[in-house]
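A.B. asks: Numbering (the working numbering), first residue to last: 362 to 959. Each residue gets a CB set at the ideal place from its N, CA and C atoms; glycine is no exception. Got a structure here, written out as structure tokens. Questions coming.
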Amino acid sequence: MENHKSINTETPFRVAIIGAGPKGLYGLERLLANLSEVPLEGEVEIHMFNRCSFFGAGDIYRHDQPEYLMMNYANGYINAWPDQAPKPIVDNPLSFVEWLKKQEEKVSGNEFSSRSRVGEYLCSVFEELKKNLPRNVRLLQHTQEVYDIEKKAGSFWIKTENEAYVGIQHVLLATGHSRPQNEEISEQKTFVDFVYPVQEKLSEIAPNSKVAIKGIGLTFIDAVLTLTEGRGGRFNQTEAGFKYVKSGNEPLVLYPFSKSGLPMMPRSGTFGLPSQPLYYFTPENLCANKGDKDKYDFEKDILPLIKAEIKYAYYRMLFQQYNQYLHPFKDIQKIESEIDAFHERHPIEKPFSFNTLFNPLNDWKADRHEQTLDYIRLTIREGEKGEEGSPLAHAAGTWRRISNDFNELYSFGGLSPKSHRVFLSDFMGQFNRVAYGPPIENMKKIMALAEAGLIDFSFAHQPNVNAYNSFYLLTLENGSEVKVDFLVDARIPKTDMAVNPPKLYQKLIDNELATIYNNESDGCDPFTPGCIHISREGHPINALGEEIKQITLTGTPTEGITFDNDTLSRNRNDFVSLWGAQVANDIQVFTQSKQYSN
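Right, here's the structure in full:
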């Protein structure tokens with residue numbers, strides 16, 4: 362029987378934050394900062410719900426995970442405290458680097474830390490907030506998963522598996538990545554549908570077994586290191602990189618595969634490097650390309666400018682290495698003429714193009730495994746040179762410099778429905794692969810494991826995968842095949858609210874508090890990216906077109922209508938600052954109305 366939590370009826374205002382990872386933490390911080398500037402005559406309760414006990418860090422950054430699971434985000438960029446008004450409620454808000462230095466660690470800001478270390482920092486921020494609550498504010502923690510939100514008599518009921526919390530006036534949904542939805546193949550006991558927490562989820566994979574891994578991104582690296590270093594193997598430093606020493610508890614061989622068949626490009630830290638201006642991906646050029654259309658066509662209006670920006674970045678750095686300067690001519694043909702003349706003078710340099718970066722392994726007749734290892738060696742060398750020393754690394758970093766501006770034109774239906782679909786299916790993964798790769802150390806470990814025979818890239822590019830009673834069969838178009846004992850899905854699941862929504866969001870829709878977003882345009886078939894329809898303030902929009910202003914979404918649940926909600930970013934799609942100010946204002950209005958009514 363459902364237990365209705367008897368919240369103190371004397372409390373005039375109650376707020377719920379669902380999800381206590383970084384985005385929920387940032388929401389709490391902004392709410393408290395705003396409440397500290399509001400005269401609170403009555404009590405305010407903040408109810409914070411989280412699936413696990415790591416409030417502030419959430420599942421992704423929980424600090425009980427192994428140290429070998431690394432960030433791909435330099436330390437200097439991590440700061441849980443914003444540089445904006447109202448100021449944080451603590452006296453000495455520390456960035457991650459400042460916090461590390463206080464722990465007597467020597468850091469410059471350009472290093473990469475473990476996710477568990479970042480989790481310790483985030484949890485410490487949460488504890489600092491708890492110690493400095495404004496007067497008349499109570500914070501209540503609930504280690505429970507929320508499955509339903511229902512509106513009754515002007516406020517909300519928040520329901521977990523066994524309890525209901527009533528009388529909630531405002532809700533922030535910061536639920537992060539949804540749990541994976543099982544596929545048919547997941548009925549196999551030898552199928553791992555999600556790798557986190559890694560030690561628990563991968564524990565059943567037997568030593569000396571053959572394992573196929575779906576995905577060759579950051580999660581793939583975490584899975585591989587768990588099955589090797591996490592099982593007692595070790596990496597010895599050599600002049601050439603790492604040499605792996607087996608423990609005997611590893612799988613016999615790992616067969617990674619993905620849509621592109623390509624590993625991510627590793628990178629060194631870029632914190633503190635001078636920012637580079639954009640010469641072609643500019644508002645003027647974008648506006649000119651769009652013309653009088655209501656929405657952008659990605660491939661016609663935007664992609665040519667991205668290609669120009671990437672190519673100029675590569676050759677700007679290459680020219681510089683020859684003590685030459687490549688002027689950013691507005692006329693692209695002038696750039697091309699300068700490049701042609703350069704190659705005539707320096708024939709040793711191979712011409713660079715967009716495909717050089719995004720489709721480097723297009724010779725399918727070659728040995729795929731050795732070809733991939735050669736590519737990894739190349740990207741490690743270039744990554745070690747850094748963006749200020751490698752034309753390739755500089756070109757790969759272009760997407761990071763573009764993404765903020767791209768987010769502005771992408772969000773809330775900025776792309777036509779057709780090109781919205783094309784961008785998500787054909788381009789976004791590739792941009793992420795070259796721009797947001799792992800730290801170089803991790804790719805050196807992947808290289809060492811491949812050289813030790815533990816990773817085989819022969820089936821990396823789109824094999825057919827068939828499940829049988831006791832094994833899986835990977836098959837290539839050329840007839841090559843291999844039997845494996847286990848199949849691991851090493852991808853972060855993408856939430857699709859339209860096809861298979863998490864229970865909480867299905868309830869929001871059923872309770873008429875939300876609808877699915879459709880990107881629509883005159884004369885075009887609509888596209889459904891699989892997210893909730895929200896306003897520019899983050900409020901869900903119901904079937905009548907009304908904003909539900911007492912609910913706000915932030916982070917991953919908004920993906921599709923917004924772009925690239927970086928987990929740790931305080932600035933990208935910052936709905937929580939608006940939310941904190943709105944809630945504080947509503948509390949002030951509510952308090953004043955109660956005073957007048959009395």
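1) Locate the alpha helix (DSSP H) running through Val559, then write down its first and last residues.
2) Could you give the DSSP three-state label for Met789: helix, strand or coil?
3) Leaving out five residues before and five after Val950 in sequence, what residues of the same chain have Cβ atoms less than 8 Å from its Cβ?
4) Among Asp947, Gln953, Thr952 and Asp935, which one has its Cα closest to the Cα of Glu390?
5) Looking at the structure shown, is Ala942 part of a helix, part of a strand, or coil, going by DSSP?
6) Confirm, please, whether the CB-CB distance from Lys806 to Phe603 is below 8 Å.
7) Pair every Cβ in the stretch 804-820 with every Cβ in the stretch 630-638, then say whether three or more of these pairs are closer than 8 Å.
8) Just tell me which of Leu869, Pro721 and Glu428 has its CA closest to the CA of Ile966.
9) Per DSSP, what kind of secondary structure is Phe951 in: helix, strand or coil?
10) Am I right that Leu722 and Leu623 are in contact with their C-beta atoms under 8 Å? What's the rounded C-beta distance?
11) How would you call Arg742, buried or exposed, if buried means at least 16 neighbouring beta carbons within 10 angstroms?
12) According to the neighbour-count rule (16 or more other Cβ atoms, all chains shown, within 10 Å of its Cβ), is Ile709 buried or exposed?
13) How many Å lie between His704 and Glu697 at the Cα?
14) Alpha carbon to alpha carbon, how far is Gly899 from Ser564?
15) Do Ala945 and Val553 count as a contact pair if the criterion is CB distance below 8 Å?
16) Between the beta-carbon of Phe642 and the beta-carbon of Ile763, is there less than 8 Å?
17) Quick check: what's the CA-CA separation for Phe415 versus Asn440?
18) Among Val559, Lys656 and Phe457, which one has its Cα closest to the Cα of Asp850?
19) For a quick check, are the C-beta atoms of Ile902 and Thr876 less than 8 Å apart?
20) By DSSP, does Trp981 sit in helix, in strand, or in coil?
21) Let's see if you can read the secondary structure: which residues bound the beta strand (DSSP E) around Lys620?
22) How do the stretch 463-483 and the stretch 402-422 stand: do at least 3 beta-carbon pairs fall below 8 Å, yes or no?
23) Grab me the residues of Asn493's own chain with a C-beta within less than 6 Å of its C-beta, minus the 5 sequence neighbours each way, in chain order.
24) Can you give, in chain order, each stretch of the alpha helix (DSSP H) that sits fully within the stretch 786-874 and has at least 4 residues?
25) Which word fits Gly906, buried or exposed, when buried means at least 16 other C-beta atoms lie within 10 angstroms of its C-beta?
26) Check Pro689 in the structure and name its three-state DSSP category.
27) Can you grab the Cα-Cα spacing for the pair Glu842 / Lys550, in whole Å?
28) On a CA-only basis, which of Ser780, Ser819 and Lys672 is nearest Ala754? Give me that one, please.
29) Got a sec? Which residues, its chain only, sit under 7 Å from Leu834 by beta carbon, not counting five neighbours each side?
30) Kindly list the residues whose CB is nearer than 6 Å to the CB of Glu402, restricted to its own chain and excluding five residues on each side of it in sequence; keep chain order.
31) Who pairs with Met431 in a beta bridge, going by DSSP?
32) Assuming Ala381 and Met409 make a contact with CB atoms under 8 Å, what is their CB distance in whole Å?
33) Would DSSP call Met678 helix, strand or coil?
34) Could you spell out the range, first to last residue, of the beta strand (DSSP E) harbouring Asn597?
35) Given that a residue counts as buried once 16 or more other Cβ atoms are within 10 Å of its Cβ, and exposed if not, what is Glu544?
36) Between which two residues does the beta strand (DSSP E) holding Ala377 run?
C.D. replies: Concretely, from the data shown:
1) Taking the sequence shown and counting its residues from 1, one reaches residue 559 at position 198. Its alpha helix (DSSP H) spans residues Val559 to Lys562.
2) Sequence index remark: in the sequence shown, residue 789 carries index 428 (1-based). Looking at Met789 - three-state DSSP - the assignment turns out to be helix.
3) Position 589 of the sequence shown, counting from 1, holds the residue named residue 950. No residues qualify anywhere along the chain.
4) Sequence index remark: in the sequence shown, residue 390 carries index 29 (1-based). With distances taken between Cα atoms, Glu390 lies closest to Asp935.
5) As a first step, residue 942 is located in the sequence shown; it is residue number 581 there, counting from the start. Correct three-state label for Ala942: helix.
6) Along the sequence shown, read from residue 1 onward, the residue named residue 603 stands at position 242. Along the sequence shown, read from residue 1 onward, the residue named residue 806 stands at position 445. Lys806 sits close to Phe603, with the two beta carbons spaced by under 8 Å.
7) Fewer than three pairs of CB atoms, one per stretch, sit closer than 8 Å, so the stretch 804-820 makes no contact with the stretch 630-638.
8) Since the first residue of the chain shown is 362 and the last is 959, residue 966 is not available in this structure.
9) Looking up residue 951 in the sequence shown gives position 590. Note: Phe951 maps to helix in three-state DSSP.
10) Here residue 722 is taken as the residue at index 361 of the sequence shown, counted from 1. Here residue 623 is taken as the residue at index 262 of the sequence shown, counted from 1. Contact between Leu722 and Leu623 holds, since their C-beta atoms are separated by about 6 Å, short of 8 Å.
11) Along the sequence shown, one-based indexing puts residue 742 at 381. By the 16-neighbour rule on beta-carbons within 10 angstroms, Arg742 is exposed.
12) Start at 1 with the first residue of the sequence shown, and residue 709 comes out as number 348. Under the 10 Å beta carbon count, Ile709 is surrounded by fewer than 16 other beta carbons and is classified as exposed.
13) Residue mapping note: residue 704 aligns to position 343 of the sequence shown, counting from 1. Residue mapping note: residue 697 aligns to position 336 of the sequence shown, counting from 1. For the pair His704 and Glu697, the Cα-to-Cα distance works out to about 11 Å.
14) Along the sequence shown, read from residue 1 onward, the residue named residue 899 stands at position 538. Along the sequence shown, read from residue 1 onward, the residue named residue 564 stands at position 203. Answer to the nearest angstrom: the Cα atoms are 39 Å apart.
15) As a first step, residue 553 is located in the sequence shown; it is residue number 192 there, counting from the start. As a first step, residue 945 is located in the sequence shown; it is residue number 584 there, counting from the start. Judged by beta-carbon spacing, Ala945 lies beyond the 8 Å limit of Val553, meaning their Cβ atoms are not closer than that value.
16) Translated into positions along the sequence shown, residue 642 becomes position 281. Translated into positions along the sequence shown, residue 763 becomes position 402. Going by C-beta atoms, Phe642 is nearer than 8 Å to Ile763.
17) Here the question's residue 415 lines up with position 54 in the sequence shown. Here the question's residue 440 lines up with position 79 in the sequence shown. Rounded to the nearest angstrom, the two C-alpha atoms are 18 Å apart.
18) In the sequence shown, the residue the question calls residue 850 occupies position 489. In this structure, Val559 is the residue among Val559, Lys656 and Phe457 with its C-alpha nearest to the C-alpha of Asp850.
19) Here residue 902 refers to the residue found at position 541 of the sequence shown. Here residue 876 refers to the residue found at position 515 of the sequence shown. Yes, Cβ-Cβ distance for Ile902 and Thr876 is below 8 Å.
20) The structure shown has nothing for residue 981, since the chain only spans 362 to 959.
21) Translated into the one-based positions of the sequence shown, residue 620 becomes position 259. Where Lys620 is concerned, there is no enclosing beta strand (DSSP E), given that its DSSP letter is neither H nor E.
22) Yes, the stretch 463-483 touches the stretch 402-422.
23) Translated into positions along the sequence shown, residue 493 becomes position 132. So the list reads Ile450 and Val451, once near-sequence residues are dropped.
24) Fully contained in the stretch 786-874 are the following alpha helix (DSSP H) runs of length 4 or more, in chain order: 789-796, 801-812 and 864-871.
25) Start at 1 with the first residue of the sequence shown, and residue 906 comes out as number 545. Taking all protein chains in view, the Cβ of Gly906 is surrounded by fewer than 16 other Cβ atoms within 10 Å, so the residue is classified as exposed.
26) Reading the sequence shown from its first residue, position 328 is the one you call residue 689. In this structure, Pro689 counts as coil in the three-state DSSP scheme.
27) Counting from one through the sequence shown, the residue named residue 842 turns up at place 481. Counting from one through the sequence shown, the residue named residue 550 turns up at place 189. Those two C-alpha atoms are separated by around 22 Å.
28) Working through the sequence shown from its first residue, we reach residue 754 at position 393. When only C-alpha atoms are compared, the closest one is Lys672.
29) By one-based count along the sequence shown, residue 834 stands at place 473. Counting only residues of its own chain and dropping the five nearest sequence neighbours on each side, Leu834 has a CB closer than 7 Å to the CB of Asn827, Glu842 and Lys844.
30) The sequence position of residue 402 within the sequence shown is 41, counting from 1. Once the five neighbours on either side are set aside, the close Cβ partners of Glu402 are Thr952.
31) Position 70 of the sequence shown, counted from the first residue, corresponds to residue 431. Beta-bridge pairing by DSSP links Met431 to Ser475.
32) Mapped onto the sequence shown, residue 381 falls at position 20. Mapped onto the sequence shown, residue 409 falls at position 48. Going by Cβ atoms, the distance from Ala381 to Met409 rounds to 5 Å, so yes, they are a contact pair.
33) For the purposes of this step, residue 678 is taken as residue 317 along the sequence shown, with counting starting at 1. Helix at Met678.
34) What you label residue 597 is simply residue 236 of the sequence shown in a count that begins at 1. Asn597 -> beta strand (DSSP E) spans Arg595 to Thr599.
35) To locate residue 544, count along the sequence shown from 1; it is residue 183. Because Glu544 carries a pLDDT of 47, less than 50, the predicted location of this residue cannot be relied on, and the following value inherits that uncertainty. Counting other Cβ atoms within 10 Å of its Cβ, Glu544 stays below 16 and is therefore classed as exposed.
36) To locate residue 377, count along the sequence shown from 1; it is residue 16. In this chain, the beta strand (DSSP E) harbouring Ala377 covers Phe374 to Ile379.
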